[in-house]
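In this note's numbering, the protein residues as written are 1 to 179.
Cβ coordinates follow ideal geometry from the N, Cα and C atoms, glycine included.
Model, not experiment: these values are computed from the prediction.
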């Protein structure tokens, strides 16, 4: 059997190719928030669970992003896992030209977190309030591990997905397949 290795492995030559390759892995879409004197938010898909005991999750934030300084300064954050109907919220908090500070939340439904005061979007699949537990160098990003302080969840909604560079809604006719 002849195998053409040129199609199987390629050196990482450019950021665009790497971004496209990463984009083939579908993820959920979240909005990460910080409260305090100058609240801030950003759309993120680099989010995952880490541990059940202790309850930990992680978000990865570009070192040049305003959110990086906010997380470092406040030490607390919220994560809202977006539902399928929240594409507008995802696009709003991904928009670099939106108003900053409290003004960016004016046309979005949210509540302050009970423990941290970080804005938590309403109508989501789940929301978490966290304190920064640890940080790790992740190249041009920092990996923020958050210890979960509070959580809320809704199980009767479909999620919003990020796939191949686009936000997409889950198809309502996907059937559940047991693992």
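Per the Cβ contact rule, the segment 107 to 124 is in contact with the segment 69 to 81 (3 or more Cβ pairs under 8 Å).
Counting only residues of its own chain and dropping the five nearest sequence neighbours on each side, residue 133 has a CB closer than 7 Å to the CB of 56, 145, 146 and 147. Sequence-distant partners of residue 136 (beyond 5 residues in either direction) whose C-beta falls short of 8 Å from its own C-beta, in its chain, are 142, 143 and 145. Selection 152, 27, 126 and 44 evaluated against residue 95 yields 44 as nearest (Cα-Cα). Residue nearest to residue 69 within the set 51, 33 and 87 is 33 (criterion: CA-CA distance). Distance from the CA atom of residue 15 to the CA atom of residue 65, rounded to whole angstroms, is 18 Å. DSSP places residue 69 in the uninterrupted alpha helix (DSSP H) bounded by 66 to 74.
By the beta-carbon neighbour count (other beta carbons within 10 angstroms, threshold 16), residue 99 is exposed. Comparing alpha-carbon positions, the option among 27, 39 and 139 lying closest to residue 160 turns out to be 27.
Restricting attention to 155, 157, 153 and 149, the CA atom closest to the CA of residue 53 is found in 149. Look at residue 153 here: in three-state DSSP terms it is strand. Where residue 93 is concerned, the enclosing alpha helix (DSSP H) starts and stops at 87 to 94.
Annotation for residue 114: 129 and 150 place their beta carbon closer than 8 Å to its own, counting only its chain and skipping 5 residues before and after. Its Cα nearest to that of residue 71, the residue 36 stands out among 153, 36, 19 and 107.
Residue pairing by DSSP places residue 134 opposite 145 in a beta bridge. Per DSSP, the beta bridge partners of residue 77 are 130. Between the alpha carbons of residue 91 and residue 124 lies a gap of roughly 15 Å. Residue 105: not part of any beta strand (DSSP E); DSSP gives it neither H nor E.
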